[in-house]
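This report concerns only the one structure given below.
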Amino acid sequence: MSWVLAAFQRLSIQHQSVETPIPIKSLEGVEDHEASSTPRPWHITMASIALVSVPVFFQAPLVRAFPWVSLMLTLGWLGGAIALIQRKSTLEWGDLLLGFTWTWLAGSIYWGWLRWEPFLHLPIEAIGLPFALWGIRYQQHKIGHWFYIGSLLGTSVTDLYFYLVNLIPYWRQVMQVSPAEAQLILHQALLPMRTPWGYGCAVSLVGMLLVAGCIPLQSKHLHWRAFSGAVLSTLLVDGLFWVAAAIS
């Protein structure tokens, strides 16, 4: 993890240098350009939704077949984030990509080597939480860190549902069988989900995610929009998996 720490420190220094005050004379003719290059709040929201949703269907098969390839791609995402952060016009996008890098790293580690043990899921997914909290505390890369926290919140709520409805045994079975056999297990997992308790838990947790995801949409701050997109995308991904299990 030394390379992660070194890169994080480098990004913090670069972020501080970007915020260095500029002489008033040099601002002439620059404000319009910065306004046009700064992403709109809804751009960040949609990008956050995509960064949580799309990799689920790309990283999942990749990490199962080639876990080391998925893990090494983390360096590519980190390099892309550094390159974008170095430019004023793409600073916000690099910030967002930095947060995504943490989710990709955690996903590569867990789904590549530890997916048979559900109790390790959240601890691995939270691997970047200390860095995110530190960054938020010192106003560093807030867009990426809030995106990561939103993604982690969505993951935590999904896992909570698995525990409440007692789906953990099915989790273990699915991870140990072939895709063909997994379809039967997923069909069996729908039985406890279709009970009054299962429906009640689903409605309560979905409502909690909707509140947590929709309230930040009222803000124009980009970091809150990143958080909102990451949280709301959890509903999209979980809904797609539920539909897939139902029609299997």
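Its first residue numbered 30, the sequence shown is counted upward by one per residue in this note's numbering.
For glycine and all other residues, C-beta sits at the position ideal for the given N, C-alpha and C.
Note that the structure is predicted; figures quoted are calculated from it, not measured.
Report yes if the CB atom of residue i is closer than 7 Å to the CB atom of residue j, and no otherwise.
i: Leu234; j: Val272; result: no
i: Phe160; j: Leu125; result: no
i: Ala241; j: Ser77; result: no
i: Val203; j: Gly141; result: no
i: Ile73; j: Leu213; result: no
i: Ile111; j: Leu120; result: no
i: Ala274; j: Leu220; result: no
i: His150; j: Tyr167; result: no
Just to confirm my understanding: we take residue i, look at its own chain, exclude 5 residues before and 5 after, and list those with CB closer than 6 Å. What are they?
i: Gly173; result: Asp124, Leu125, Leu127 and Gly128
i: Ala135; result: Ile153, Glu154 and Ile156
i: Trp122; result: Leu113
Looking only at its chain, what residues have a beta carbon closer than 8 Å to the beta carbon of residue i, apart from the 5 residues adjacent to it on each side?
i: Pro147; result: Asp188, Phe191, Ile197, Trp200 and Arg201
Excluding the five sequence neighbours on either side, which residues of its own chain have a C-beta within less than 7 Å of the C-beta of residue i, listed in chain order?
i: Leu238; result: Gly183, Val186, Val260, Thr263 and Leu264
i: Leu145; result: Checking the sequence, you will find Trp at residue 145 rather than Leu. Arg201, Met204 and Gln205.
i: Leu193; result: Cys230
i: Val59; result: Only weak support is given to the placement of Val59: the predicted model assigns it a pLDDT of 41, under 50, and the value that follows is read from those uncertain coordinates. Closer than 7 Å at the Cβ level, and outside the excluded window around Val59, lies no residue.
i: Asn195; result: Pro221
For my contact list, residue i and residue j are in at a C-beta cut-off of 8 Å; report their separation, rounded to the angstrom.
i: Pro70; j: Lys249; result: 5 Å
Review point. Would the region 181 to 196 and the region 145 to 155 be scored as touching if the rule is three or more Cβ pairs under 8 Å?
Key: yes
**Asked** Can at least three beta-carbon pairs, one atom from the region 126 to 140 and one from the region 99 to 108, be found at a separation below 8 Å?
**Response** With the cut-off at 8 Å, the region 126 to 140 and the region 99 to 108 touch.
Problem - Secondary structure, alpha helix (DSSP H): runs of 4+ residues fully inside the region 111 to 152 - result: Considered as a whole, the region 111 to 152 harbours 120 to 138 as its complete alpha helix (DSSP H) runs of no fewer than 4 residues, in chain order.
- Message: Could you check whether the region 258 to 270 touches the region 70 to 88, counting it as contact only if at least three pairs of C-beta atoms, one from each stretch, sit closer than 8 Å?
- Response: Flag = yes, the region 258 to 270 and the region 70 to 88 touch.
inquiry  = To test your reading of the DSSP string, which unbroken beta strand (DSSP E) runs of 3 or more residues are found completely within the region 63 to 105?
reply    = Not a single unbroken stretch of the beta strand (DSSP E) spanning 3 or more residues falls wholly within the region 63 to 105.
*In chain order, which continuous runs of the alpha helix (DSSP H) of length 4 or greater are located wholly inside the region 164 to 195?*
For the region 164 to 195, the continuous alpha helix (DSSP H) assignments of 4+ residues that do not extend past its boundaries occur at 171 to 193, in sequence order.
Every unbroken alpha helix (DSSP H) within the region 206 to 230, with a cutoff of 4 residues, ordered by chain | 208 to 222
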